[in-house]
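Heads up: the structure comes next, in structure tokens.
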Amino acid sequence: MTGRASARLACRFTELVQNTLKNSRAFHTSRELHSAAGKGHSLLRGGRPRRSFFYVPAYKDRYIEKSLGSNADCIVLDLEDGVAQSRKDSARQNIQGLLQRLHREGYKQGENKAAELCVRVNHEGWTEEDAWGDHKSPKAPSDILDKDLDLLALPEAENITIVLPKTNSPEDISRIHKVISAKRHAQRGKASAGGRPQPVIALFETPRAIINVGEFLRSKVRMEAIVFAAEDYCASMGIPRGYDLSNMLFARSAVVNLCKALGITPIDMVCQNIRDQKALEEECLRASYMGFEGKQVVHPDQIDIVNSRFLPLKEEVEHSRKILAAVRENPKKGAFELEGKMLDKPVFRKADDICTIQQKIDEYEANRFVK
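Numbering-wise, the sequence shown is residues 326 to 696 according to the working numbering.
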């Protein structure tokens, strides 16, 4: 793609987002839209930390137990790519065993009770026949996905976050919710089917997902976060994963902009160089600069590095505290000079945001493990 063509595509995307926001049901007044735009980080809008999104192949109990002692913000028990077909059933059994243990006994001493516990389901498509005899119901899931959803419909799984691969439209999410609701109804009766839908984190892995950002903005379907999956995206585009990542800039920017508009967490791709700390730090720096708030992790050694790189810099926090102290000393001034620079309301707001984010992370870390 030439630079001129890329610029035209970026302009077209900007127009699409602006027009969608103008007509979106999510923001009904200009005041609400301005308020949302002023709170860029999801932690400032009621979200939770999702800096490290750690995939754990669920076919080994040992992997699951070790993950519970990690510093990961999100522990993603994987039933999809990290598990061979022959081990899917044992992986489900391991997850069910963990959920039953947590439901019965809670977390043990030293376990990461603050982490968001997630399950990544398989994406094997849907059958053509209507489900449960209702023409308005979603199509029935394939056998492999159906077994995953049986697990997630259990009472012990109600607080588990679903990680949904190949999310291309809001309908993909609502379809999962409808199937789980129907399964709960079949298991436990009508009252159990009408509860709050389980939280969903969507994986954007295809060009269709990127092009459909307008649908997600207009939809009432709720997502907690969006994860950009580079490997499948590159495969579906027929492009290599370039060293400088420039061939994914448009797609990654689309994910960040959509998340910021919705007030949810954007999570960046995996760093393939699991032994190269410098490469990981560089990817984290670039991702944070773009607006991502976390990164997918496939090895325990990556967790602490990722967590530390998706925090405000120490220098930022110290400078922000100076700004807020100066604001308190000059309550009647709309703008003033500090250390040779003119500061005004947007700068004050940014400083307050940085300090608030740091405070929320500090509180989260202080209560991470069972003592």
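Every residue gets a Cβ at the ideal spot worked out from N, C-alpha and C, and that includes glycine.
Could you tell me whether the segment 564-574 touches the segment 486-506, where touching means 3 or more Cβ pairs closer than 8 Å? no
Given a cut-off of 8 Å, decide if Gln627 and Ile592 are closer than it, judged by their beta-carbon atoms. Along the sequence shown, one-based indexing puts residue 592 at 267. Along the sequence shown, one-based indexing puts residue 627 at 302. Their beta carbons are not under 8 Å apart, which means Ile592 does not touch Gln627 by this criterion.
Reduced DSSP secondary structure (H/G/I, E/B, other) of Thr590: Indexing the sequence shown from 1 puts residue 590 at position 265. Reduced to three states, the DSSP call for Thr590 is strand.
Considering Val401, what are the terminal residues of the alpha helix (DSSP H) in which it resides? Along the sequence shown, one-based indexing puts residue 401 at 76. Premise fails: Val401 lies in the beta strand (DSSP E), Cys399 to Asp403, not in any alpha helix (DSSP H).
Are Leu528 and Thr486 close, meaning C-beta to C-beta below 8 Å? Within the sequence shown, the letter at position 203 stands for residue 528. Within the sequence shown, the letter at position 161 stands for residue 486. Contact: no.
Between the C-alpha atoms of Ser645 and Lys585, what's the straight-line distance to the nearest angstrom? The count along the sequence shown starts at 1 and reaches residue 645 at position 320. The count along the sequence shown starts at 1 and reaches residue 585 at position 260. Cα to Cα, Ser645 sits roughly 22 Å from Lys585.
For Ser571: DSSP bridge partner residues: Numbered from 1 along the sequence shown, position 246 holds the residue referred to as residue 571. Paired residue(s): none; Ser571 is not in a bridge.
Looking at the strands, I want to know which residues DSSP matches up with Ile487. The residue you call residue 487 lines up with position 162 of the sequence shown. Per DSSP, Val444 and Val525.
What is the DSSP secondary structure of Pro480, counted as helix, strand or coil? Taking the sequence shown and counting its residues from 1, one reaches residue 480 at position 155. Pro480: helix per DSSP, three-state reduction.
Anyone know if the C-beta pair for Pro495 and Glu540 falls short of 8 Å? Position 170 of the sequence shown, counting from 1, holds the residue named residue 495. Position 215 of the sequence shown, counting from 1, holds the residue named residue 540. Their beta carbons are under 8 Å apart, which means Pro495 touches Glu540 by this criterion.
Please report how far the alpha carbon of Leu636 lies from the alpha carbon of Gly665, in whole angstroms. The sequence position of residue 636 within the sequence shown is 311, counting from 1. The sequence position of residue 665 within the sequence shown is 340, counting from 1. So the two alpha carbons sit approximately 27 Å from each other.
What span of residues does the alpha helix (DSSP H) with Leu542 cover, start to end? Against the sequence shown, residue 542 aligns to sequence position 217. Note, Leu542: alpha helix (DSSP H), Val538 to Arg543.
With DSSP as the reference, label Lys303 as helix, strand or coil. In the structure displayed, the chain extends from 326 to 696; residue 303 sits before or after that span and is not available.
Strand pairing of Met548, partner residues [DSSP]: Reading the sequence shown from its first residue, position 223 is the one you call residue 548. Paired residue(s): none; Met548 is not in a bridge.
Three-state secondary structure assigned by DSSP to Phe635: Translated into the one-based positions of the sequence shown, residue 635 becomes position 310. Phe635 falls in the coil class under three-state DSSP.
So if DSSP puts Tyr380 in a beta bridge, which residue, or which two residues, is it bridged to? Start at 1 with the first residue of the sequence shown, and residue 380 comes out as number 55. Looking at the DSSP assignment, Tyr380 forms a beta bridge with Val401.
Leaving out five residues before and five after Gly363 in sequence, what residues of the same chain have Cβ atoms less than 6 Å from its Cβ? Taking the sequence shown and counting its residues from 1, the one referred to as residue 363 is at position 38. Here the model assigns Gly363 a pLDDT of 45, short of 50, so the residue's position is not dependable, and the following value carries that caveat. Here the set comprises nothing.
Beta-carbon gap between Ala383 and Asp406 smaller than 8 Å: Stepping through the sequence shown from its first residue, residue 383 is reached at position 58. Stepping through the sequence shown from its first residue, residue 406 is reached at position 81. No.
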